[in-house]
Amino acid sequence: MTIKFLDQDPIIISRRKLVQGLAAGSIVAVAGCARNQAIGRDQLLLVSEGQIAQMAAASWTQLKRQTKISQDRNLNRRLNTVGNKIVQTAGLQRQPWEFTVFDDDQANAFVLPGGKVGFYTGIFKRMKNDHHLATVMGHEVGHVTGRHAAERYSQQVAAGVATTAAAVALEAGDVRGGAQIAGILGLGVQFGILLPYSRRHELEADRLGVNYMHRAGYDARQAVAFWDNMSSQRTGSSPPEFMSTHPSDATRKNAIRQELQRLGLA
656 MTIKFLDQDP IIISRRKLVQ GLAAGSIVAV AGCARNQAIG RDQLLLVSEG QIAQMAAASW
716 TQLKRQTKIS QDRNLNRRLN TVGNKIVQTA GLQRQPWEFT VFDDDQANAF VLPGGKVGFY
776 TGIFKRMKND HHLATVMGHE VGHVTGRHAA ERYSQQVAAG VATTAAAVAL EAGDVRGGAQ
836 IAGILGLGVQ FGILLPYSRR HELEADRLGV NYMHRAGYDA RQAVAFWDNM SSQRTGSSPP
896 EFMSTHPSDA TRKNAIRQEL QRLGLA
């Protein structure tokens with residue numbers, strides 16, 4: 656097999672050597688693989704929820720020091736009311752939760768391991784009602800139920816081990832251009848494993864969120880309306896979906912509609 660890089664001589668590598676490199680890169684410990692009933696699949700989990708929460712604690716403290724916290728009583732009341740309802744329906748009320756409104760115009764929200772939920776004031780401007788707020792809150796709580804932070808961290812650790820092993824095997828096999836080939840393998844890991852899993856996480860969180868908001872008494876059909884509103888107000892071009900860590904708006908809305916049909920709400 657011949658691999659040619661820009662402005663460089665072709666690299667000739669036997670199929671056997673390439674397979675050896677790929678095989679070495681695929682030998683990653685999978686002990687800790689566990690079944691998550693909420694999402695209906697097995698997950699690679701190399702860290703516990705407690706460990707990942709400890710990792711996130713410092714980031715949360717730093718964020719609260721560096722970002723202004725909103726004193727708007729109405730926004731804080733709404734966030735805590737909706738948040739507690741969603742957490743209750745998700746069966747996660749026994750763990751501590753903290754809901755914080757950050758005074759920033761960006762239209763964003765996030766959740767950190769350990770039940771730390773942050774909403775920016777900018778996203779409230781995209782919400783027409785508490786059904787929309789419940790859409791986002793359900794999504795964030797869905798990430799916790801899905802154990803997505805721990806899985807994402809574990810995938811990155813495993814991918815790093817795999818890429819390093821491949822590079823070592825190629826260099827040890829005296830393959831000319833082994834480092835460059837290992838770089839290609841790294842891109843393959845990025846686009847073939849890490850990013851698709853991130854999109855999967857987003858869609859799983861959407862599905863769980865629709866269920867949580869419905870069971871909490873909110874109109875789950877408004878989830879589609881919320882994403883319609885977000886799409887209409889988004890500026891700039893988006894990267895192709897296969898290069899993005901988030902699914903396209905169309906993919907996301909179609910998946911939500913399918914879940915609404917399953918729930919008999921469409």
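Read in order, the letters of the sequence shown are residues 656 to 921 in the working numbering.
Don't be surprised by glycine CBs; every beta carbon is placed ideally from N, CA and C.
Predicted model only: the values in this text are computed from it and were never measured.
Residue(s) in a DSSP beta bridge with residue i
i	result
phenylalanine 754	Val772
aspartate 697	Arg690
valine 766	Val772
isoleucine 724	Phe757
For residue i, the first and last residue of its enclosing alpha helix (DSSP H)
i	result
valine 702	That residue, valine 702, is in no alpha helix (DSSP H); it is neither H nor E in DSSP.
leucine 730	728 to 744
glycine 919	No alpha helix (DSSP H) contains glycine 919, which DSSP labels as neither H nor E.
glycine 793	785 to 800
aspartate 861	850 to 870
alanine 878	877 to 888
CA nearest to the CA of residue i, picked from the options
i	options	result
aspartate 697	Phe757, Gly872, Ala875, Glu806	Glu806
phenylalanine 779	Asp727, Leu718, Leu699, Gln721	Asp727
arginine 732	Val756, Val742, Gln709	Val756
Residue burial classification, residue i (beta-carbon count within 10 angstroms, cutoff 16)
i	result
serine 887	exposed
threonine 716	exposed
glycine 872	exposed
serine 714	exposed
lysine 783	exposed
leucine 840	Bear in mind that a pLDDT of 41 at leucine 840, under 50, signals an unreliable position, so the number given afterwards is only what the model happens to contain. Buried: at least 16 other Cβ atoms inside 10 Å.
Whole-angstrom C-beta distance between residue j and residue i, which should lie under 8 Å
i	j	result
valine 796	leucine 747	7 Å
glutamine 761	glycine 777	5 Å
alanine 910	arginine 862	7 Å
valine 865	glycine 919	Actually they are not in contact, since the Cβ atoms of valine 865 and glycine 919 sit about 12 Å apart, beyond 8 Å.
histidine 798	alanine 789	Histidine 798 to alanine 789, Cβ: 15 Å. No contact.
tyrosine 867	alanine 711	So it is not a contact: roughly 21 Å between Cβ atoms.
phenylalanine 754	glycine 769	The pair is not a contact, with the Cβ atoms about 13 Å apart (cut-off 8 Å).
leucine 700	serine 809	6 Å
Proximity test, residue i beta-carbon vs the ligand ADP heavy atom, cut-off 7 Å
i	result
glutamate 753	Because no ligand of any kind appears in the structure shown, any question about the ligand ADP cannot be addressed here.
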